[in-house]
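Notes follow once the structure below has been shown.
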Amino acid sequence: MTAPDPIADPAAAEAVREAAVDADAGTGTGAARVAVIGGSVIGLACAWTIARSGLASEVVVHEPDDSGPDGVPTSGAGWVAGGMLAPFSEAWPGEESVFALGVASLRRWPEMLSALEPHTPPGPPIRSATHTHMLAVDDADARDLDMAMSWALGNDVVVGGINDADLRRVTRRELREAEPSLARVARAAYRMDSEGAVDNRILLAALTRACRAEGVTWVRKEVTSLDDDIDADRVVLAAGSGSAVLAGLPIRPVKGEVLRLRARPGCEDPPRGVVRAFVRGRPLYLVPRDGGLVVGATQYEHGDDRQVTVAGVRDLLADAETIFPGIGEYELAEMIAGLRPMTPDNLPILGVDPDDPRLIHATGHGRNGIALTPITAATVAAELQGAPVPEAARAARADRFRRG
């Protein structure tokens, strides 16, 4: 049995609302008041899903930062992110559960985007790219890339399997035809037509508007204690790296630096889709945005450090110019760093806390927070219903780090 998916299926949402009515009558598993701690992408998606499904009579988001447009937070990783939907291009041997979870979430993105469409601000759509190319520049990187992609293609953990739209090798000629602005440096290249990217900032705005449309409210005050600061029947913890202190979770902040570039008149057009690459062993991504490009991302184990460094900017621009020579004519519009909430096994922490049944975790997503948004929201909704969580989310259960 699988839980109804209130994001993907309006009929399922109605079924969940009916179940919530039974819950209010004492025959179900709903809640009168749900508090969501954290108002970035994950928290907003959970709050929206809970509210539109009628799983609670009141949904409150606790998020002190309203510094961005539409009152979205700009201090979280969701504001900084590249927004890639990239389980295939991030596949790596030994990470079967991470891979399966990412693919399962990717399959849910079209329905989520459709449901958010009425709430998207005027202008560009949320989806900013509909395909990805992954390439390697030197022989060592090509061997690693071939090994990782061969592993993904031969993996049997993905429900429904993998097809050519998900992952296929392309020739240099095919790469040039698809992305003529790229330098001819690829030793190996692959294409994923089911990946691409979303514009993280448009997504934040759309989720905020969707929450407001469903009656979600905000408390603009920092939460320092889940016991003392929260008055709710159930609590969804979606505080990113801040979840470690609030719930004693094994989550550490890992800094990532990102550059946002703006096209100037006469500049070469940016790549048509997401371009990911290994350049001298360093990972790089180029993500098209309306009027520009996002370049990322460095990764530093520096604790709570949000400062952009000279070395980080230098490496990103040098690697990006190796792949896309025309980047030198772009305007450097923004340099920003965010903290990815990483766990020891690179899986998020999802589901009911083993020691506190009131608490549901939706945190620790690392660099894949946006990509894993739909399956995280579906998992939280299932837990509130007392229904089985999506199969791929079981490996991310909250009790796997429990001691004793």
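Using our numbering, read the sequence shown as starting at 620 and increasing by one per residue. Note that CB positions come from ideal geometry on N, CA and C, so glycine has one too. Predicted model only: the values in this text are computed from it and were never measured.
Quick check on this structure: which residue in the options has the alpha carbon closest to the alpha carbon of residue i?
i       : options                         : result
Ala882  : Trp728, Gly945, Met811          : Gly945
Met766  : Ser708, His752, His750, Pro799  : Ser708
Arg652  : Gly900, Leu674, Val804          : Leu674
Leu868  : Val898, Val777, Asp848, Gly970  : Gly970
Pro706  : Gly690, Ala696, Gly697, Ala723  : Ala723
Pro799  : Ala1012, Arg891, Leu958, Asp924 : Arg891
Pro967  : Gly983, Leu958, Ala956          : Gly983
Ala696  : Pro1009, Ala997, Met961         : Met961
Glu682  : Phe897, Thr843, Pro1007         : Thr843
Pro884  : Asp964, Ala1011, Tyr949         : Tyr949
Arg803  : Ala1000, Trp770, Ile942, Pro737 : Ile942
Thr790  : Met753, Asp763, Pro1007         : Met753
Gly713  : Gly773, Lys840, Leu936          : Gly773
Gly915  : Val927, Arg839, Ala863          : Val927
Asp923  : Tyr904, Ala956, Val898          : Ala956
Glu953  : Ala832, Trp698, Ala1015, Ser769 : Trp698
Pro740  : Leu826, Pro902, Val929, Ser862  : Leu826
Pro1009 : Ala710, Leu720, His738, Ala755  : Leu720
Ala761  : Pro902, His750, Ile870, Pro976  : Pro902
Cys665  : Leu936, Ala1012, Thr998         : Thr998
Ile821  : Gly690, Gly657, Thr751, Pro973  : Gly690
Arg908  : Ala734, Asn782, Ile745, Ala755  : Ile745
Pro973  : Asn987, Ala1011, Ala1015        : Ala1015
Asp846  : Arg828, Val838, Ala866          : Ala866
Ala797  : Leu663, Thr751, Ser862, Asp775  : Thr751
How many whole angstroms separate the CB atoms of residue i and residue j, which I take to be in contact at a CB cut-off of 8 Å?
i      : j      : result
Leu878 : Leu978 : Wrong, their Cβ atoms sit about 37 Å apart, outside the cutoff.
Pro993 : Trp728 : 6 Å
Val894 : Leu823 : So it is not a contact: roughly 24 Å between Cβ atoms.
Arg788 : Tyr809 : 5 Å
Ala857 : Ile669 : Actually they do not touch by this definition, with Cβ atoms about 11 Å apart.
Thr995 : Ala981 : 5 Å
Arg913 : Asp938 : Strictly speaking, residue 913 in this sequence is Val, with Arg absent from that position. So it is not a contact: roughly 14 Å between Cβ atoms.
Val655 : Val855 : 5 Å
Gly657 : Gly859 : 6 Å
Ala755 : Leu764 : 4 Å
Among residues of its own chain, excluding the 5 on either side of residue i, which ones have a beta-carbon nearer than 7 Å to its beta-carbon?
i      : result
Gly947 : Glu940
Gly931 : Glu876, Thr917
Leu816 : Before going on, a small fix: residue 816 reads as Ala here, not Leu. Cβ neighbours of Ala816 beyond the five flanking positions: Gly701, Gly702, Met703, Leu704, Ser747, Ala748, Val893, Val906.
Asp758 : Arg806
Val717 : Asn965, Leu966
Gly834 : Ala670
With a threshold of 6 Å on Cβ separation, who are the neighbours of residue i within its own chain once the five nearest residues in sequence on each side are excluded?
i      : result
Ser813 : Ala784, Asp785
Ser694 : Asp684
Gly687 : Thr693
Met620 : Here Met620 scores only 42 on pLDDT, less than 50, and its place in the model should not be relied on; the value that follows carries that caveat. Hits under 6 Å: Pro1007.
Gly645 : At Gly645 the pLDDT is 35, less than 50, meaning the model places this residue with poor confidence; the figure from the coordinates comes in the next sentence. The answer is none, since no qualifying residue turns up.
Ala832 : none
Ser659 : Pro692, Gly695, Gly697
Tyr904 : Gly701, Arg895, Gly915
Asp852 : Ala650, Ala651, Arg652
Pro743 : Asp909
Arg871 : Met961
Asp643 : Unreliable positioning characterises Asp643 in this predicted model, as indicated by a pLDDT of 42, which lies under 50. The coordinate reading is nonetheless provided below. Within the same chain, Asp643 has no close Cβ partners at all.
His921 : Lys874
Starting from residue i and walking both ways along the alpha helix (DSSP H), at which residues does that stretch end?
i      : result
Gly718 : One point to set straight first is that residue 718 is Phe, not Gly, in the sequence displayed. 715-735 is the span of the alpha helix (DSSP H), which, as asked, contains Phe718.
Val864 : 862-866
Arg762 : 758-772
Assuming residue i is part of the beta strand (DSSP E), what are its boundary residues?
i       : result
Ala654  : 650-656
Asp662  : The identity of residue 662 in the sequence shown is Gly, whereas the question assumes Asp. It is not in any beta strand (DSSP E) - Gly662 instead sits in the alpha helix (DSSP H) that spans 660-671.
Arg871  : 871-881
Phe1020 : Note, Phe1020: premise wrong, no beta strand (DSSP E); not H, not E.
Thr739  : From DSSP, Thr739 is part of no beta strand (DSSP E); its letter is neither H nor E.
Ala896  : 893-898
His752  : 751-755
Ala748  : 746-748
Pro907  : 901-908
Arg853  : 853-856
Quick one: what's got a C-beta closer than 8 Å to residue i's C-beta in the same chain, skipping five residues either side?
i      : result
Arg726 : Gly779
Gly985 : Val873, Arg959, Pro960, Met961, Thr962, Asn965, Pro967
Lys840 : His681, Pro683, Asp848
Thr836 : Glu677, Val678, Val679, Val680
Checklist entry - Which full runs of the alpha helix (DSSP H) of 4+ residues lie inside the segment 916-1002, going along the chain? => result For the segment 916-1002, the full-length alpha helix (DSSP H) segments reaching 4 residues or more read 929-942 along the chain.
Item to check | Start-end ranges of the alpha helix (DSSP H) lying completely within the segment 674-717, minimum 4 residues | outcome: 696-699
Checklist entry - Which residue spans inside the segment 783-850 form an unbroken alpha helix (DSSP H) run of at least 4? => result 791-797, 819-832
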